Amino acid sequence: MPKKASVSTYTQILYQIVFSTKDREKTLLEENREELFRFVWGILKNKNCTLYQINGVADHIHIATHLHPTISLSSLVKDVKVSSSLWIKENHVFPGCNSWQEGYGGFTYSIKEKEALVGYVKNQPEHHRVKSYREELIELLIEHGIEFDEKYLL
266 MPKKASVSTY TQILYQIVFS TKDREKTLLE ENREELFRFV WGILKNKNCT LYQINGVADH
326 IHIATHLHPT ISLSSLVKDV KVSSSLWIKE NHVFPGCNSW QEGYGGFTYS IKEKEALVGY
386 VKNQPEHHRV KSYREELIEL LIEHGIEFDE KYLL
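Start counting the sequence shown at 266; every next residue gets the next number (the numbering used here).
Shown next, in the form of structure tokens:
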């Protein structure tokens with residue numbers, strides 16, 4: 266009698282996750298960001314997520330990743346924010362960085378858009394020479410058809 270095939274789950278959901286420091290404080294010093302990015306990559310790896318690119322500037326970070334089917338976006342962001350906040354405080358990596366903002370942006374992309382998304386995240390420092398985090402976030406919200414109230418985008 267032939268063996269029955271096991272049931273598998275297949276997904277291909279590419280996310281761009283964006284969140285800022287509390288009150289958008291410009292406390293993520295350039296010389297220590299790579300350490301933060303490696304730490305966040307470790308969290309993603311432990312959750313069986315695929316990191317395509319991570320980058321940021323003094324007041325926020327962007328993560329381009331594929332989530333493992335067993336991980337929800339909200340639980341992943343919570344884990345990244347809680348763990349990295351503790352790591353920052355314990356290691357005194359970013360003086361004055363007290364915590365992350367309460368919310369986050371989570372945007373989905375087709376796998377066909379992966380290279381463009383990776384390039385966008387990779388070029389964050391250049392991008393923010395001409396555009397603020399607030400301007401960028403509003404563009405992302407509009408591009409993805411997400412209704413928002415500007416009073417929450419302080």
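In this text, a Cβ means the ideal position worked out from N, Cα and C, and glycines have one as well. Remember, it's a predicted structure, so these values are computed and weren't measured experimentally.
By the 10 Å Cβ neighbour count, where 16 or more other Cβ atoms means buried, how is Tyr417 classified, buried or exposed?
Walking along the sequence shown from the start, residue 417 turns up at place 152. So Tyr417 counts as exposed.
Would DSSP call Val283 helix, strand or coil?
The count along the sequence shown starts at 1 and reaches residue 283 at position 18. DSSP places Val283 in strand when its eight states are reduced to three.
In the DSSP assignment, find the unbroken alpha helix (DSSP H) run with Ile251 in it and report its ends.
Residue 251 cannot be examined here, being either before or after the span of the chain that is shown, 266 to 419.
Taking the straight line between their C-alpha atoms, what separation do you get for Leu279 and Ile411?
What you label residue 279 is simply residue 14 of the sequence shown in a count that begins at 1. What you label residue 411 is simply residue 146 of the sequence shown in a count that begins at 1. Using only the alpha carbons, I get a separation of about 17 Å.
Would you give the residue range spanned by the beta strand (DSSP E) that Val386 belongs to?
Within the sequence shown, residue 386 is the residue found at index 121, counting from 1. Not the beta strand (DSSP E): Val386 falls in the alpha helix (DSSP H), residues 379-387.
Bridge partners of His331, per DSSP?
If you number the sequence shown from 1, residue 331 lands on position 66. According to DSSP, which records beta bridges pairwise, His331 is partnered with Leu279, Thr315.
Are there three or more Cβ pairs, one per stretch, closer than 8 Å when the segment 373-391 is compared with the segment 341-359?
These segments do not touch.
Quick check on Tyr374: does DSSP put it in helix, strand or coil?
Residue numbering aside, residue 374 sits at position 109 when the sequence shown is read from its first letter. In this structure, Tyr374 counts as strand in the three-state DSSP scheme.
Please report the straight-line C-alpha distance between Val395 and Cys314, rounded to a whole angstrom.
Within the sequence shown, residue 395 is the residue found at index 130, counting from 1. Within the sequence shown, residue 314 is the residue found at index 49, counting from 1. Taking the straight line joining both Cα atoms gives about 32 Å.
Can you tell me which of the three DSSP states Val395 falls into?
Counting from 1 along the sequence shown, the entry for residue 395 is found at position 130. Here Val395 sits in coil by DSSP.
Leaving out the 5 sequence neighbours to the left and right, which residues in its chain are closer than 6 Å to Val283 when beta-carbon positions are compared?
Within the sequence shown, residue 283 is the residue found at index 18, counting from 1. Cβ neighbours of Val283 beyond the five flanking positions: His327, Gly370.
Within 10 angstroms of its Cβ, does Gln277 collect 16 or more other Cβ (buried), or is it exposed?
On the sequence shown, position 12 is the one that residue 277 refers to. Per the 10 Å Cβ criterion, exposed.
Rank Pro334, Gln366, Trp306, Lys312 by C-alpha distance to the C-alpha of Thr424 and give the top, closest one.
Here the chain covers residues 266 to 419 and nothing more, so residue 424 does not appear.
How about Gln389 and Val322: do their beta carbons lie closer than 8 Å?
Start at 1 with the first residue of the sequence shown, and residue 389 comes out as number 124. Start at 1 with the first residue of the sequence shown, and residue 322 comes out as number 57. Taking 8 Å as the Cβ cut-off, Gln389 and Val322 qualify as a contacting pair.
Have a look at Gln318, His331, Ser285 and flag the residue whose alpha-carbon is nearest the alpha-carbon of Glu299.
For this step, residue 299 is matched to residue 34 along the sequence shown. When each option's Cα is compared against that of Glu299, the closest is Gln318.
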